[in-house]
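Comments concern the structure below.
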Amino acid sequence: MKALIYKGPGQKALEDRPMPDIQSAGDAVVKITKTTICGTDLHILKGDVPSCTPGRVLGHEGVGIVEKVGSGVASFKKGDHVLISCISACGRCEFCRKGMFSHCTTGGWILGNTIDGTQAEYVRIPHAETSLYHIPKGVDEEALVMLSDILPTGFECGVLNGRVAPGSSVAIVGAGPIGLAALLTAKFYSPAEIIVIDLDDNRLSVAKHFGATHTVNSGDGKAIEKVMEITGGKGVDTSIEAVGIPATFVLCQRIVAAGGTIANIGVHGVKADLHLEDLWSHNITITTRLVDTVSTPMLLKTVQAQKIDPKLLITHRFKLADMMKAYEVFGHAADTKALKVIIEAE
Ligand SMILES: [Zn+2]
Ligand SMILES: [Zn+2]
């Protein structure tokens, strides 16, 4: 089968690999129909994720058709259409029993990281019973690829952790796919203001189209003043960090109102400043989280009921054979205006 292989920092290749097989009773092998590329894959390619070693098949998102299952899998059978979660969960360990699947002792984020992932014709899914979801009939599979990772990540790490509430004010710093996923799902709670901040005017206009009440291009260094103007000088109740660099984490601290929450989503590769000299008395909450995908069943229902349309995030489509080109386009998003790319594997 064809698979996209991480060959070490800065290097990748589309290669032939043997088809994966069942290794333990809880496994399923899924024939991928559609997958995508995540910003995290770019982090791996930069060498930021040491747990992912050369030779690994990348990818942790996708939908497909069950090819075979191990003897311990009862809920899925050959031919079932399934959504693959980016988080594998045993459902039994101490962390899973708390609903913290991201820290499953034999799972978590392993796909396309410590085991081979979804940017291939087939993938082995461990703990299939508790890591796959049946796709309801009539639901668009492209839209559901957005539910493997980015929608639950934006929702759980940004909106839920950020305690977005009716009538509240929200700032989302970073209008990439994850920031936009936070925007789409923040609207569940009807906040009064959703301010999206980015350097890219194209992404800001997409944010506006998705329902941002205000957009701010931070390129002139005046983002703080503009947010203060919009919020009557008090700042926002929730500031969501969806970039993962020190400057945006600091910006979130500067624009959060007293009593507010800073919800970090960004994958940080280096240390960032925390201005406790300003914030110690401001009743601030700061949250961090790796997505648990506990909200996936709920998000599936909202997509099925057409309450949200994650397909809006898809800008480009490629065949698996053109995977290298897909990375090229996704990796140069400022020029190509790429958000999410769909890779068809069949
Ligand atoms: Zn991802
Ligand atoms: Zn577990």
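Using full-length UniProt numbering, you'd call the opening residue of the sequence shown number 1 and step up by one each time. C-beta: ideal position from N, C-alpha, C; glycine also.
With distance defined between alpha-carbon atoms, name the residue in the options nearest to residue i.
| i | options | result |
| --- | --- | --- |
| Leu180 | Glu129, Lys311, Val63 and Glu328 | Lys311 |
| residue 392 | Thr261, Asp116, Leu184 and Lys46 | Beyond the ends of the chain as shown, which are 1 and 346, falls residue 392; an answer cannot be given. |
| Ser85 | Lys98, Ala175, Ile32 and Gln11 | Ile32 |
| Ile343 | Met228, Ile110, Ile314 and Thr185 | Ile314 |
| Ser75 | Gly91, Leu132 and Lys98 | Leu132 |
| Gly260 | His275, Pro246 and Lys234 | Lys234 |
| Thr248 | Pro20, Phe210 and Leu199 | Leu199 |
| Lys78 | Ile65, Asn113 and Met324 | Ile65 |
| Ile37 | Lys137, Asp292 and Gly117 | Gly117 |
| Asp201 | His214, Ala258 and Gly112 | His214 |
| Thr287 | Val159, Pro191 and Arg97 | Val159 |
| Ser168 | Thr185, Val236, Met323 and Ala345 | Val236 |
Any idea which residues DSSP pairs residue i with across the strands?
| i | result |
| --- | --- |
| Val236 | Val256 |
| His103 | For His103, which the question treats as bridged, DSSP gives no partner whatsoever. |
| Arg124 | Val29 |
| Gly62 | Thr35 and Ile84 |
| Asn217 | Asp198 |
| Glu344 | Lys34 and Lys319 |
| Tyr133 | Leu83 |
| Asp16 | Lys2 |
| Ile265 | Looking at the DSSP assignment, Ile265 forms no beta bridge with any residue, so it has no partner. |
| Ala171 | Ile195 and Ser239 |
| Leu111 | Ile115 |
| Ile286 | Ile262 |
| Val227 | Looking at the DSSP assignment, Val227 forms no beta bridge with any residue, so it has no partner. |
Have a look at residue i and residue j and give me their C-alpha separation to the nearest angstrom.
| i | j | result |
| --- | --- | --- |
| Val196 | Gly26 | 42 angstroms |
| Ala120 | Thr53 | 17 angstroms |
| Ser88 | Ala242 | 23 angstroms |
| Gln23 | Val29 | 10 angstroms |
| Leu14 | Pro126 | 24 angstroms |
| Ser272 | Asn264 | The question names Ser, but residue 272 in the sequence shown is Ala. Those two C-alpha atoms are separated by around 12 angstroms. |
| Thr130 | Met228 | 44 angstroms |
| Ala334 | Glu328 | 12 angstroms |
| Leu299 | Gly211 | 18 angstroms |
| Asn171 | Asp21 | Looking at the sequence shown, residue 171 is not Asn but Ala. Taking the straight line from one Cα to the other gives about 45 angstroms. |
| Ile262 | Leu274 | 11 angstroms |
| residue 347 | Arg254 | Only positions 1 to 346 of the chain appear in the structure, and residue 347 is not among them; the question remains open. |
| Ile240 | Val57 | 31 angstroms |
| Phe188 | Pro9 | 39 angstroms |
| Ile194 | Val256 | 13 angstroms |
Determine the burial state of residue i: buried for a count of at least 16 other Cβ atoms within 10 Å of its Cβ, exposed for fewer.
| i | result |
| --- | --- |
| Arg203 | buried |
| Gly59 | buried |
| Trp280 | exposed |
| Gly297 | It is Pro, not Gly, that sits at residue 297 in the sequence shown. It is exposed - the Cβ of Pro297 has fewer than 16 other Cβ atoms within 10 Å. |
task = Mind listing, in chain order, the continuous alpha helix (DSSP H) runs of no fewer than 4 residues lying wholly within the stretch 294-326?
result = 296-304
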